[in-house]
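**Student:**
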Amino acid sequence: MKKGVLLINLGTPKSLNVNDVRSYLKRFLSDSRVIDMPRWQWLPILNLPILNLMILPNRPKHSAEMYQMIWSNESGSPLLHYTQLQASQLQARLGASYQVRYAMSYSDPDIATQLTAFETDKIDDLTIIPLYPQYSTTTVGSVMDDINRFYFRRIKIPTLHLISDFCTHPTYIKVMAEKIKRYWDTGQYDQIVFTYHGIPKRYTQKGDPYATRCYLTTDLIMDQLGNLPHLLSFQSKFGPGEWLTPSTADIMVKLPHQGIKNVLVVAPSFVADCLETSYELGIENYQHFIENGGHRFVTVPSLNADVGFTNVLLQLVKNSSI
Numbered sequence: 333m334k335k336g337v338l339l340i341n342l343g344t345p346k347s348l349n350v351n352d353v354r355s356y357l358k359r360f361l362s363d364s365r366v367i368d369m370p371r372w373q374w375l376p377i378l379n380l381p382i383l384n385l386m387i388l389p390n391r392p393k394h395s396a397e398m399y400q401m402i403w404s405n406e407s408g409s410p411l412l413h414y415t416q417l418q419a420s421q422l423q424a425r426l427g428a429s430y431q432v433r434y435a436m437s438y439s440d441p442d443i444a445t446q447l448t449a450f451e452t453d454k455i456d457d458l459t460i461i462p463l464y465p466q467y468s469t470t471t472v473g474s475v476m477d478d479i480n481r482f483y484f485r486r487i488k489i490p491t492l493h494l495i496s497d498f499c500t501h502p503t504y505i506k507v508m509a510e511k512i513k514r515y516w517d518t519g520q521y522d523q524i525v526f527t528y529h530g531i532p533k534r535y536t537q538k539g540d541p542y543a544t545r546c547y548l549t550t551d552l553i554m555d556q557l558g559n560l561p562h563l564l565s566f567q568s569k570f571g572p573g574e575w576l577t578p579s580t581a582d583i584m585v586k587l588p589h590q591g592i593k594n595v596l597v598v599a600p601s602f603v604a605d606c607l608e609t610s611y612e613l614g615i616e617n618y619q620h621f622i623e624n625g626g627h628r629f630v631t632v633p634s635l636n637a638d639v640g641f642t643n644v645l646l647q648l649v650k651n652s653s654i
């Protein structure tokens, strides 16, 4: 039996060129799992193209400027860089009996391209790991759509193992808790701020379990850390409508006025540093906190290429085949 593993993350612009950023945003924001507004209202139909008329002409330039702040001259996009490392480290641990690839939902290499490569190489047992610890229809649900589209009416389909969520995996919790504890012990903090990527509240009202999974993740990590002061918030609000609260940006404005001047910030929903961690947290929210009287704002890096996270992925693959 020939076995394969596919790691999947969100995606990233190919370069800092505004056209490349626009292309990436168009792919991302055209996904009905991400934007669940009626198609006639969001996409360019019936002369009401909100995406093409209001978003894509202006936002790519602003986004390119943000990416410029986190882009590496040597390795480019941090999300792509760390996803590549995660795949190569997992390949080294699994050895020649597995073929490990990575894909992006909204940039290259895309999911269909990598599934085609597995098909060409006659992989007949495939473990698919969306790199989102907490399930949401906006992330894992979208990945499942792409996989179903690819295999629809295929004559031969490999045995598929889809890891839809791993936020309760003991090793993931242990690795997260140990990393937070190392940072907590190196400085004097008033509070740990857990911040998760937000989603619109209407998604949870329809049954998306994401918010519940975020609270569960925090509870499990804190079971390891003990009685340390902490709170949970949500970031990355986009567009109109009510999103999950409390907002991380609002929290960072309020905390210094409540006497909480030193915070350790951790983002468990991101396993690779990206725009949301390096820019939104490391620059924007840092500024909110300091400008309102905060003294120390430290972000715990994402798991990135940590050996501990490679162990998490290894165990997910091995357990999926049992």
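Its first residue numbered 333, the sequence shown is counted upward by one per residue in the numbering used here.
Just so it is clear, CB atoms sit at the ideal spot from N, CA and C, and this is done for glycine as well.
On a predicted model such as this, the values are computed, not experimentally measured, just so you know.
#1: From S579 to Q567, what does the alpha carbon distance come to, in whole angstroms?
#2: Decide if the segment 458-468 is in contact with the segment 597-609; the criterion is three or more beta carbon pairs, one per stretch, under 8 Å apart.
#3: Measuring CB to CB, does P392 end up less than 8 Å from V353?
#4: Assuming Q537 is part of the beta strand (DSSP E), what are its boundary residues?
#5: On the three-state DSSP scale, how would you describe R486?
#6: For S610 and I487, I'd like the C-alpha separation in whole angstroms.
#7: Using DSSP's beta-bridge definition, name the partner residues of W575.
#8: Could you pull out every residue in the same chain whose Cβ sits closer than 8 Å to the Cβ of L648, ignoring the five residues on either side in sequence?
#9: Name the one or two DSSP bridge partners that I455 has.
#10: Please classify T642: is it buried, with 16 or more other beta-carbons within 10 angstroms of its beta-carbon, or exposed?
#11: Which value, in whole angstroms, describes the spacing of the CA atoms of I512 and D440?
#12: By Cβ distance, which residues of its chain are closer than 7 Å to N351, with the 5 residues on each side in sequence left out?
#13: How many angstroms separate the CA atom of M401 from the CA atom of E612?
**Tutor:** Walking through what the data contain:
#1: 6 Å
#2: yes
#3: yes
#4: Note, Q537: premise wrong, no beta strand (DSSP E); alpha helix (DSSP H) at K533 to Q537.
#5: coil
#6: 44 Å
#7: P532
#8: T459, I461, I495, F498 and H501
#9: Bridge partners of I455: none, in fact.
#10: buried
#11: 32 Å
#12: none
#13: 11 Å
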